[in-house]
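Residue numbers for the sequence shown follow our numbering, beginning at 1 and rising by one. For glycine and all other residues, C-beta sits at the position ideal for the given N, C-alpha and C. Bear in mind the structure is a predicted one, so any value in this text is a computation, not a measurement.
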Amino acid sequence: MSLTSCEKTKTNTYELVVSVGAEEFQGAIEKAYRKNVSKISIPGFRKGKAPKAMIEKMYGEGVFYEDAINMLYPDAYEQAVKEAGIEPVAAPSIEVQDADKTTGFTFKAEVTVKPEVEVENYKGIAVTKTVRPVTDEEIDHELSHLQERNARVIDVEDRPAQNGDQTVIDFEGFVDGVAFEGGKGEKFPLTLGSGQFIPGFEEQIVGKKIGDEFDVTVTFPEDYHAEELKGKEAVFKVKLHEIKTRELPELDDEFAKDVSEFDTLAEYKEDLRKKLQASHDEQSDREVESALIDGILAGMKVELPQAMIDNRVDEMLQDFAYRLQSQGLDVKTYMQYTGMDMDAMRKTYAEPAERQVKVRLALEKIAQLENLAATQEELDAEYKKLADSYQMEEDKIKAVIAAEDLEKDICVNKAIALVRENAVITEAQPEEKAEPKKKTAKKPAAKKTTKKAAKEEAPAEEAPAAAEETPVQE
(Lines of atoms letter the chains of each structure in order from A and count residues from 1; the text may use other names and numbers.)
(Lines give C-alpha, C1' and ligand atoms only; values in the text may rest on other atoms or scores of the structure.)
Protein backbone atom coordinates (compact mmCIF):
# COMPACT_ATOMS: atom_id res chain seq x y z
CA MET A 1 0.00 0.00 0.00
CA SER A 2 1.17 3.54 -0.67
CA LEU A 3 -0.42 6.90 0.06
CA THR A 4 -0.21 8.72 -3.26
CA SER A 5 -1.63 12.04 -2.06
CA CYS A 6 -3.36 13.71 0.88
CA GLU A 7 -5.16 16.98 0.16
CA LYS A 8 -7.43 19.13 2.32
CA THR A 9 -10.39 19.85 0.05
CA LYS A 10 -12.57 21.85 2.47
CA THR A 11 -13.06 22.45 6.18
CA ASN A 12 -12.71 19.18 8.12
CA THR A 13 -12.42 17.17 4.88
CA TYR A 14 -9.42 15.48 3.29
CA GLU A 15 -9.06 13.51 0.07
CA LEU A 16 -6.67 10.57 0.15
CA VAL A 17 -5.49 8.75 -2.96
CA VAL A 18 -4.25 5.26 -2.07
CA SER A 19 -2.57 2.65 -4.27
CA VAL A 20 -2.41 -1.10 -3.66
CA GLY A 21 0.28 -3.05 -5.53
CA ALA A 22 -0.21 -5.82 -8.10
CA GLU A 23 1.14 -8.60 -5.87
CA GLU A 24 -1.33 -7.86 -3.06
CA PHE A 25 -4.17 -7.44 -5.54
CA GLN A 26 -3.43 -10.74 -7.30
CA GLY A 27 -3.32 -12.54 -3.95
CA ALA A 28 -6.75 -11.11 -3.06
CA ILE A 29 -8.11 -12.10 -6.50
CA GLU A 30 -6.99 -15.67 -5.85
CA LYS A 31 -8.79 -15.64 -2.48
CA ALA A 32 -11.92 -14.24 -4.13
CA TYR A 33 -11.77 -17.03 -6.72
CA ARG A 34 -11.53 -19.75 -4.04
CA LYS A 35 -14.36 -18.13 -2.12
CA ASN A 36 -16.75 -18.00 -5.10
CA VAL A 37 -15.77 -20.91 -7.36
CA SER A 38 -18.21 -23.34 -5.73
CA LYS A 39 -21.11 -21.14 -6.88
CA ILE A 40 -20.01 -20.86 -10.53
CA SER A 41 -20.98 -23.21 -13.36
CA ILE A 42 -18.95 -23.38 -16.59
CA PRO A 43 -19.94 -25.72 -19.47
CA GLY A 44 -17.57 -28.70 -19.62
CA PHE A 45 -16.60 -28.50 -15.95
CA ARG A 46 -18.21 -29.84 -12.82
CA LYS A 47 -19.74 -27.09 -10.68
CA GLY A 48 -17.05 -25.62 -8.47
CA LYS A 49 -14.18 -27.08 -10.51
CA ALA A 50 -13.78 -24.47 -13.25
CA PRO A 51 -10.29 -22.92 -13.52
CA LYS A 52 -9.97 -19.22 -12.71
CA ALA A 53 -8.79 -18.44 -16.23
CA MET A 54 -11.93 -20.02 -17.75
CA ILE A 55 -14.21 -18.05 -15.42
CA GLU A 56 -12.38 -14.80 -16.26
CA LYS A 57 -12.64 -15.59 -19.97
CA MET A 58 -16.39 -16.19 -19.75
CA TYR A 59 -17.38 -13.42 -17.30
CA GLY A 60 -14.60 -10.92 -17.86
CA GLU A 61 -11.16 -10.38 -16.37
CA GLY A 62 -12.57 -8.22 -13.58
CA VAL A 63 -15.08 -10.79 -12.33
CA PHE A 64 -13.29 -11.12 -8.96
CA TYR A 65 -12.07 -7.52 -8.67
CA GLU A 66 -14.90 -6.24 -6.48
CA ASP A 67 -14.49 -8.95 -3.84
CA ALA A 68 -10.70 -8.58 -3.94
CA ILE A 69 -10.88 -4.80 -3.49
CA ASN A 70 -13.33 -5.19 -0.58
CA MET A 71 -10.82 -7.52 1.08
CA LEU A 72 -7.92 -5.08 0.77
CA TYR A 73 -9.20 -1.52 1.01
CA PRO A 74 -10.10 -1.42 4.76
CA ASP A 75 -6.51 -2.16 5.86
CA ALA A 76 -5.09 0.01 3.09
CA TYR A 77 -7.34 2.89 4.18
CA GLU A 78 -6.38 2.48 7.84
CA GLN A 79 -2.66 2.54 7.00
CA ALA A 80 -3.15 5.60 4.78
CA VAL A 81 -4.93 7.46 7.57
CA LYS A 82 -2.04 6.78 9.96
CA GLU A 83 0.49 7.88 7.36
CA ALA A 84 -1.50 11.07 6.67
CA GLY A 85 -1.72 11.84 10.40
CA ILE A 86 -5.43 12.63 10.32
CA GLU A 87 -8.20 11.58 12.71
CA PRO A 88 -11.42 10.48 10.95
CA VAL A 89 -14.76 10.97 12.71
CA ALA A 90 -16.97 9.09 10.25
CA ALA A 91 -16.84 6.32 7.66
CA PRO A 92 -15.11 7.47 4.45
CA SER A 93 -16.61 7.78 1.00
CA ILE A 94 -14.64 5.36 -1.20
CA GLU A 95 -14.30 5.57 -4.99
CA VAL A 96 -12.17 3.07 -6.94
CA GLN A 97 -10.34 4.93 -9.72
CA ASP A 98 -8.69 2.09 -11.60
CA ALA A 99 -7.98 -1.61 -11.15
CA ASP A 100 -5.82 -4.04 -13.09
CA LYS A 101 -4.26 -7.26 -11.87
CA THR A 102 -0.98 -6.37 -13.53
CA THR A 103 -0.64 -2.99 -11.81
CA GLY A 104 -2.93 -3.18 -8.76
CA PHE A 105 -5.69 -0.71 -7.96
CA THR A 106 -6.08 2.86 -6.78
CA PHE A 107 -8.92 4.33 -4.75
CA LYS A 108 -9.89 7.78 -3.55
CA ALA A 109 -11.22 8.27 0.00
CA GLU A 110 -13.06 11.40 1.10
CA VAL A 111 -12.53 11.62 4.86
CA THR A 112 -14.29 13.79 7.45
CA VAL A 113 -11.78 14.56 10.18
CA LYS A 114 -11.77 15.86 13.73
CA PRO A 115 -11.97 19.66 13.58
CA GLU A 116 -9.34 22.14 14.68
CA VAL A 117 -10.27 23.63 18.05
CA GLU A 118 -9.32 26.89 19.75
CA VAL A 119 -10.08 27.45 23.43
CA GLU A 120 -9.37 30.76 25.14
CA ASN A 121 -9.96 32.24 28.59
CA TYR A 122 -10.66 28.93 30.30
CA LYS A 123 -8.86 30.07 33.44
CA GLY A 124 -10.42 32.59 35.80
CA ILE A 125 -14.03 31.92 34.75
CA ALA A 126 -16.36 33.62 37.26
CA VAL A 127 -19.35 31.61 38.48
CA THR A 128 -21.75 31.72 41.39
CA LYS A 129 -22.27 28.68 43.60
CA THR A 130 -25.65 28.49 45.30
CA VAL A 131 -25.34 27.28 48.90
CA ARG A 132 -28.48 25.46 50.06
CA PRO A 133 -28.63 24.70 53.79
CA VAL A 134 -31.16 22.01 54.71
CA THR A 135 -34.27 23.43 56.38
CA ASP A 136 -36.46 21.90 59.08
CA GLU A 137 -39.29 21.91 56.56
CA GLU A 138 -37.30 19.59 54.29
CA ILE A 139 -36.69 17.19 57.18
CA ASP A 140 -40.40 17.21 58.01
CA HIS A 141 -41.18 16.65 54.33
CA GLU A 142 -38.96 13.55 54.22
CA LEU A 143 -40.44 12.19 57.44
CA SER A 144 -43.97 12.76 56.14
CA HIS A 145 -43.08 10.83 52.99
CA LEU A 146 -41.70 7.98 55.11
CA GLN A 147 -44.87 7.96 57.18
CA GLU A 148 -46.90 7.58 53.99
CA ARG A 149 -44.69 4.72 52.80
CA ASN A 150 -45.06 2.91 56.11
CA ALA A 151 -48.78 3.54 56.61
CA ARG A 152 -51.13 0.64 57.36
CA VAL A 153 -54.27 0.17 55.29
CA ILE A 154 -57.19 -0.61 57.60
CA ASP A 155 -60.87 -1.32 57.00
CA VAL A 156 -63.39 1.39 57.91
CA GLU A 157 -66.84 0.29 59.04
CA ASP A 158 -67.96 2.91 61.55
CA ARG A 159 -68.08 6.06 59.43
CA PRO A 160 -68.97 7.35 55.94
CA ALA A 161 -66.39 7.65 53.16
CA GLN A 162 -64.00 10.59 53.32
CA ASN A 163 -61.68 12.24 50.85
CA GLY A 164 -58.47 10.19 50.68
CA ASP A 165 -60.19 6.87 51.47
CA GLN A 166 -59.62 3.82 49.29
CA THR A 167 -62.99 2.48 48.16
CA VAL A 168 -64.31 -0.44 46.14
CA ILE A 169 -67.40 0.26 44.03
CA ASP A 170 -69.72 -1.11 41.36
CA PHE A 171 -70.89 1.41 38.78
CA GLU A 172 -72.87 1.57 35.57
CA GLY A 173 -73.36 4.73 33.53
CA PHE A 174 -76.38 5.86 31.47
CA VAL A 175 -76.83 8.72 29.01
CA ASP A 176 -80.46 9.57 28.32
CA GLY A 177 -81.38 6.36 30.13
CA VAL A 178 -79.25 4.16 27.85
CA ALA A 179 -76.16 2.34 29.08
CA PHE A 180 -73.04 3.16 27.07
CA GLU A 181 -70.08 1.00 26.12
CA GLY A 182 -67.30 0.84 28.71
CA GLY A 183 -69.34 2.64 31.35
CA LYS A 184 -69.62 -0.33 33.70
CA GLY A 185 -67.28 -1.66 36.37
CA GLU A 186 -67.50 -4.17 39.21
CA LYS A 187 -65.42 -4.21 42.41
CA PHE A 188 -63.49 -1.26 41.01
CA PRO A 189 -60.83 0.24 43.34
CA LEU A 190 -61.06 4.03 43.59
CA THR A 191 -59.18 6.42 45.88
CA LEU A 192 -61.40 9.42 46.61
CA GLY A 193 -59.76 12.70 45.68
CA SER A 194 -57.31 11.06 43.28
CA GLY A 195 -58.91 12.65 40.23
CA GLN A 196 -58.98 9.27 38.53
CA PHE A 197 -62.59 9.73 37.37
CA ILE A 198 -64.17 12.70 35.63
CA PRO A 199 -64.84 15.84 37.73
CA GLY A 200 -67.72 15.54 40.19
CA PHE A 201 -67.80 11.72 40.37
CA GLU A 202 -65.57 11.06 43.38
CA GLU A 203 -66.98 13.96 45.39
CA GLN A 204 -70.46 12.37 45.35
CA ILE A 205 -69.15 9.20 47.01
CA VAL A 206 -67.90 11.20 50.02
CA GLY A 207 -70.42 10.83 52.87
CA LYS A 208 -71.76 7.47 51.69
CA LYS A 209 -71.56 4.29 53.81
CA ILE A 210 -70.74 0.67 53.00
CA GLY A 211 -73.71 -0.96 51.28
CA ASP A 212 -75.21 2.32 50.07
CA GLU A 213 -76.61 2.32 46.53
CA PHE A 214 -76.99 5.75 44.97
CA ASP A 215 -76.90 7.82 41.78
CA VAL A 216 -73.98 9.99 40.72
CA THR A 217 -74.80 12.65 38.13
CA VAL A 218 -71.93 14.15 36.15
CA THR A 219 -71.27 15.91 32.86
CA PHE A 220 -68.52 14.64 30.60
CA PRO A 221 -65.95 17.34 29.71
CA GLU A 222 -66.09 18.91 26.26
CA ASP A 223 -62.57 17.60 25.58
CA TYR A 224 -63.36 14.02 26.64
CA HIS A 225 -61.64 11.40 24.48
CA ALA A 226 -64.85 9.56 23.49
CA GLU A 227 -66.55 11.73 20.87
CA GLU A 228 -70.07 10.41 21.60
CA LEU A 229 -69.81 11.39 25.30
CA LYS A 230 -68.35 14.90 25.01
CA GLY A 231 -70.45 17.39 27.00
CA LYS A 232 -73.15 14.79 27.77
CA GLU A 233 -74.81 14.46 31.18
CA ALA A 234 -74.63 10.94 32.59
CA VAL A 235 -76.16 9.17 35.57
CA PHE A 236 -74.16 6.39 37.22
CA LYS A 237 -75.75 3.75 39.41
CA VAL A 238 -73.17 3.16 42.16
CA LYS A 239 -72.85 0.69 45.03
CA LEU A 240 -70.21 1.18 47.72
CA HIS A 241 -68.67 -2.14 48.87
CA GLU A 242 -65.57 -1.24 50.88
CA ILE A 243 -63.92 1.71 52.60
CA LYS A 244 -60.30 1.60 53.67
CA THR A 245 -58.02 4.28 55.07
CA ARG A 246 -54.31 4.68 55.62
CA GLU A 247 -53.16 4.90 59.24
CA LEU A 248 -49.88 6.77 59.60
CA PRO A 249 -47.35 5.61 62.21
CA GLU A 250 -46.38 7.98 65.03
CA LEU A 251 -43.16 9.93 64.57
CA ASP A 252 -41.22 8.66 67.58
CA ASP A 253 -38.16 6.61 68.48
CA GLU A 254 -39.93 3.37 67.58
CA PHE A 255 -40.60 4.72 64.11
CA ALA A 256 -36.90 5.59 63.73
CA LYS A 257 -35.93 2.05 64.74
CA ASP A 258 -38.33 0.57 62.19
CA VAL A 259 -37.12 2.60 59.20
CA SER A 260 -33.41 3.04 59.99
CA GLU A 261 -30.44 1.75 61.94
CA PHE A 262 -30.85 4.48 64.58
CA ASP A 263 -32.36 4.14 68.05
CA THR A 264 -33.84 7.61 68.35
CA LEU A 265 -35.78 9.96 66.11
CA ALA A 266 -33.29 12.74 66.85
CA GLU A 267 -30.40 10.63 65.53
CA TYR A 268 -32.37 9.70 62.44
CA LYS A 269 -33.24 13.35 61.76
CA GLU A 270 -29.57 14.28 61.97
CA ASP A 271 -28.69 11.53 59.49
CA LEU A 272 -31.43 12.74 57.14
CA ARG A 273 -30.05 16.27 57.38
CA LYS A 274 -26.54 15.07 56.42
CA LYS A 275 -27.83 13.10 53.44
CA LEU A 276 -30.01 15.95 52.22
CA GLN A 277 -27.10 18.37 52.59
CA ALA A 278 -24.90 16.04 50.54
CA SER A 279 -27.60 15.97 47.87
CA HIS A 280 -27.87 19.78 47.89
CA ASP A 281 -24.09 20.11 47.64
CA GLU A 282 -23.99 17.72 44.66
CA GLN A 283 -26.67 19.79 42.94
CA SER A 284 -24.70 22.99 43.55
CA ASP A 285 -21.52 21.36 42.24
CA ARG A 286 -23.31 20.26 39.09
CA GLU A 287 -24.60 23.79 38.56
CA VAL A 288 -21.09 25.18 38.98
CA GLU A 289 -19.71 22.66 36.48
CA SER A 290 -22.46 23.51 33.99
CA ALA A 291 -21.68 27.23 34.36
CA LEU A 292 -17.96 26.56 33.89
CA ILE A 293 -18.70 24.59 30.73
CA ASP A 294 -20.80 27.51 29.46
CA GLY A 295 -17.76 29.72 30.07
CA ILE A 296 -15.45 27.31 28.23
CA LEU A 297 -17.80 27.13 25.23
CA ALA A 298 -18.01 30.93 25.15
CA GLY A 299 -14.26 31.02 24.51
CA MET A 300 -14.25 28.17 22.00
CA LYS A 301 -13.88 28.39 18.24
CA VAL A 302 -14.71 25.32 16.17
CA GLU A 303 -16.53 24.29 13.00
CA LEU A 304 -18.23 21.02 13.84
CA PRO A 305 -18.64 18.38 11.15
CA GLN A 306 -22.28 17.33 10.97
CA ALA A 307 -21.10 13.71 11.10
CA MET A 308 -19.93 14.16 14.71
CA ILE A 309 -23.35 15.46 15.76
CA ASP A 310 -25.11 12.67 13.88
CA ASN A 311 -22.90 10.04 15.53
CA ARG A 312 -23.67 11.43 18.99
CA VAL A 313 -27.41 11.49 18.21
CA ASP A 314 -27.15 7.82 17.20
CA GLU A 315 -25.50 6.99 20.54
CA MET A 316 -28.12 8.91 22.52
CA LEU A 317 -30.96 7.19 20.68
CA GLN A 318 -29.35 3.83 21.39
CA ASP A 319 -29.10 4.69 25.10
CA PHE A 320 -32.74 5.76 25.07
CA ALA A 321 -33.76 2.49 23.40
CA TYR A 322 -32.01 0.56 26.19
CA ARG A 323 -33.93 2.56 28.82
CA LEU A 324 -37.22 1.88 27.04
CA GLN A 325 -36.35 -1.80 26.87
CA SER A 326 -35.92 -1.87 30.66
CA GLN A 327 -39.51 -0.57 30.89
CA GLY A 328 -40.82 -3.24 28.54
CA LEU A 329 -41.18 -0.84 25.59
CA ASP A 330 -39.39 -0.09 22.35
CA VAL A 331 -38.79 3.02 20.27
CA LYS A 332 -41.60 2.19 17.83
CA THR A 333 -44.13 1.93 20.69
CA TYR A 334 -42.82 5.16 22.21
CA MET A 335 -43.29 7.00 18.92
CA GLN A 336 -46.86 5.70 18.74
CA TYR A 337 -47.55 7.07 22.24
CA THR A 338 -46.04 10.48 21.49
CA GLY A 339 -47.01 10.86 17.84
CA MET A 340 -43.35 11.44 16.93
CA ASP A 341 -41.46 10.00 13.98
CA MET A 342 -37.73 9.24 13.82
CA ASP A 343 -36.92 12.62 12.24
CA ALA A 344 -38.63 14.38 15.15
CA MET A 345 -36.80 12.15 17.63
CA ARG A 346 -33.46 13.03 16.06
CA LYS A 347 -34.28 16.76 16.13
CA THR A 348 -35.07 16.44 19.85
CA TYR A 349 -31.58 15.13 20.49
CA ALA A 350 -29.67 17.32 18.01
CA GLU A 351 -29.07 20.35 20.26
CA PRO A 352 -27.84 18.47 23.36
CA ALA A 353 -25.77 16.22 21.08
CA GLU A 354 -24.04 19.24 19.55
CA ARG A 355 -23.31 20.66 23.01
CA GLN A 356 -21.85 17.36 24.23
CA VAL A 357 -19.58 17.08 21.20
CA LYS A 358 -18.34 20.66 21.70
CA VAL A 359 -17.73 20.09 25.41
CA ARG A 360 -15.70 16.96 24.72
CA LEU A 361 -13.59 18.68 22.05
CA ALA A 362 -12.98 21.72 24.25
CA LEU A 363 -11.88 19.65 27.24
CA GLU A 364 -9.63 17.48 25.07
CA LYS A 365 -8.01 20.67 23.75
CA ILE A 366 -7.49 22.01 27.28
CA ALA A 367 -5.93 18.69 28.29
CA GLN A 368 -3.57 19.01 25.31
CA LEU A 369 -2.67 22.63 26.09
CA GLU A 370 -1.99 21.80 29.74
CA ASN A 371 -0.06 18.60 28.94
CA LEU A 372 -2.41 16.53 31.08
CA ALA A 373 -1.84 12.78 31.06
CA ALA A 374 -3.11 9.65 32.77
CA THR A 375 -0.76 7.58 34.90
CA GLN A 376 -0.72 3.79 34.77
CA GLU A 377 -2.14 3.75 38.30
CA GLU A 378 -5.07 5.91 37.17
CA LEU A 379 -5.71 3.66 34.18
CA ASP A 380 -5.64 0.55 36.37
CA ALA A 381 -8.00 2.15 38.89
CA GLU A 382 -10.43 3.17 36.13
CA TYR A 383 -10.42 -0.32 34.60
CA LYS A 384 -11.15 -1.80 38.04
CA LYS A 385 -13.96 0.70 38.57
CA LEU A 386 -15.52 -0.23 35.22
CA ALA A 387 -15.13 -3.95 35.90
CA ASP A 388 -16.88 -3.57 39.26
CA SER A 389 -19.62 -1.45 37.72
CA TYR A 390 -20.37 -3.91 34.91
CA GLN A 391 -19.58 -6.98 37.03
CA MET A 392 -17.07 -8.19 34.44
CA GLU A 393 -13.48 -9.35 34.55
CA GLU A 394 -10.93 -6.60 33.95
CA ASP A 395 -9.42 -8.45 30.98
CA LYS A 396 -12.81 -8.43 29.24
CA ILE A 397 -13.22 -4.70 29.92
CA LYS A 398 -9.74 -4.07 28.48
CA ALA A 399 -10.68 -6.03 25.37
CA VAL A 400 -13.67 -3.73 24.81
CA ILE A 401 -12.25 -0.35 25.91
CA ALA A 402 -8.83 0.58 24.55
CA ALA A 403 -6.35 2.13 26.97
CA GLU A 404 -6.01 5.10 24.59
CA ASP A 405 -9.74 5.86 24.82
CA LEU A 406 -9.77 5.47 28.59
CA GLU A 407 -6.77 7.78 28.89
CA LYS A 408 -8.68 10.44 26.95
CA ASP A 409 -11.59 10.12 29.40
CA ILE A 410 -9.26 10.55 32.37
CA CYS A 411 -7.63 13.59 30.78
CA VAL A 412 -11.03 15.15 30.07
CA ASN A 413 -11.94 14.77 33.75
CA LYS A 414 -8.61 16.31 34.72
CA ALA A 415 -9.29 19.22 32.35
CA ILE A 416 -12.61 20.16 33.96
CA ALA A 417 -10.97 19.80 37.39
CA LEU A 418 -8.23 22.20 36.28
CA VAL A 419 -10.80 24.71 35.02
CA ARG A 420 -12.61 24.51 38.35
CA GLU A 421 -9.40 24.94 40.36
CA ASN A 422 -8.66 28.12 38.42
CA ALA A 423 -12.22 29.50 38.48
CA VAL A 424 -13.45 32.42 40.57
CA ILE A 425 -16.34 30.89 42.52
CA THR A 426 -18.58 33.12 44.64
CA GLU A 427 -21.00 31.54 47.10
CA ALA A 428 -24.54 32.86 47.41
CA GLN A 429 -27.78 31.90 49.12
CA PRO A 430 -30.68 30.78 46.94
CA GLU A 431 -33.28 33.39 46.07
CA GLU A 432 -36.32 33.18 48.30
CA LYS A 433 -39.49 32.14 46.56
CA ALA A 434 -42.93 33.35 47.49
CA GLU A 435 -44.58 30.74 49.70
CA PRO A 436 -47.58 29.06 48.04
CA LYS A 437 -50.94 29.23 49.72
CA LYS A 438 -51.52 26.25 51.97
CA LYS A 439 -54.28 23.85 51.04
CA THR A 440 -56.15 21.70 53.47
CA ALA A 441 -56.32 17.91 53.31
CA LYS A 442 -53.25 17.75 51.09
CA LYS A 443 -50.19 15.78 52.09
CA PRO A 444 -46.73 16.93 50.94
CA ALA A 445 -45.42 15.29 47.82
CA ALA A 446 -42.48 12.96 48.08
CA LYS A 447 -39.14 14.70 47.62
CA LYS A 448 -37.08 13.34 44.77
CA THR A 449 -33.46 12.70 45.66
CA THR A 450 -31.11 14.32 43.21
CA LYS A 451 -29.06 11.79 41.22
CA LYS A 452 -25.69 12.47 39.68
CA ALA A 453 -26.03 12.90 35.95
CA ALA A 454 -23.25 11.56 33.77
CA LYS A 455 -24.50 13.12 30.55
CA GLU A 456 -26.85 15.84 29.40
CA GLU A 457 -29.91 14.15 27.87
CA ALA A 458 -32.64 15.18 25.55
CA PRO A 459 -36.03 15.94 27.05
CA ALA A 460 -37.52 12.54 26.22
CA GLU A 461 -36.14 10.75 29.24
CA GLU A 462 -38.70 8.10 30.00
CA ALA A 463 -41.48 6.47 28.06
CA PRO A 464 -45.04 7.26 29.12
CA ALA A 465 -47.08 4.66 30.91
CA ALA A 466 -50.22 3.44 29.17
CA ALA A 467 -53.36 4.82 30.80
CA GLU A 468 -56.30 2.61 31.68
CA GLU A 469 -59.23 3.20 29.38
CA THR A 470 -62.32 3.53 31.55
CA PRO A 471 -64.94 5.96 30.18
CA VAL A 472 -65.46 7.70 33.49
CA GLN A 473 -61.78 8.37 33.84
CA GLU A 474 -60.19 11.60 32.62
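Item: Local conformation of Ala99 per DSSP, three classes; Value: strand
Item: As assigned by DSSP and simplified to three states, the class of Lys230; Value: coil
Item: Secondary structure of Gln277, DSSP reduced to three states; Value: helix
Item: Contacting residues, own chain, Cβ-Cβ under 8 Å from Ile397 (five flanking each side not counted); Value: Tyr383, Leu386, Ala387, Tyr390
Item: Span of the beta strand (DSSP E), counted from its first residue to its last, around Glu110; Value: 104-112
Item: Whole-angstrom C-beta distance between Thr112 and Pro305, which should lie under 8 Å; Value: 5 Å
Item: N- and C-terminal bounds of the beta strand (DSSP E) containing Arg152; Value: 152-155
Item: Sheet register partners of Glu129 (DSSP bridge); Value: Rather than Glu, the amino acid found at residue 129 in this sequence is Lys. Partner(s): Glu427.
Item: Cβ shell of Ile154 (< 7 Å), same chain only, five flanking positions each side left out; Value: Lys244, Thr245, Glu247
Item: Secondary structure of Val178, DSSP reduced to three states; Value: strand
Item: Straight-line Cα distance separating Val117 from Glu30; Value: 46 Å
Item: C-alpha distance - Gln356 paired with Tyr349, whole-angstrom precision; Value: 11 Å
Item: Proximal residues to Thr130 (C-beta, below 7 Å), its chain only, five neighbours per side dropped; Value: Ser284, Glu287, Ala428, Pro430
Item: Where the beta strand (DSSP E) through Glu137 begins and ends; Value: Per DSSP, Glu137 belongs to no beta strand (DSSP E); it is in the alpha helix (DSSP H), 136-149.
Item: 8 Å Cβ cutoff met for Ile478 and Glu354; Value: This structure gives no information on residue 478, because the portion of the chain shown stretches from 1 to 474.
Item: N- and C-terminal bounds of the alpha helix (DSSP H) containing Lys414; Value: 403-421
Item: Cβ-Cβ distance between Lys108 and Phe25 below 8 Å; Value: no
Item: Any alpha helix (DSSP H) of 4 or more consecutive residues that is wholly inside the stretch 23-58; Value: none
Item: Assigned secondary structure, Lys257 (DSSP; H/G/I helix, E/B strand, else coil); Value: helix
Item: Cβ contact check for the stretch 172-180 and the stretch 226-238: 3 or more pairs under 8 Å; Value: yes
Item: Reduced DSSP secondary structure (H/G/I, E/B, other) of Thr167; Value: strand
Item: Close-in-space but distant-in-sequence residues of the same chain around Val359 (CB under 8 Å, 5 per side omitted); Value: Ile293, Ile296, Leu297
Item: Rounded separation between Pro436 and Gly195 - CA only; Value: Reliability fails at Pro436, whose pLDDT of 47 lies under 50, so the model's placement of it is uncertain and the value that follows must be treated cautiously. Answer to the nearest angstrom: the Cα atoms are 21 Å apart.
Item: Segment limits, beta strand (DSSP E) that includes Asp215; Value: 213-219
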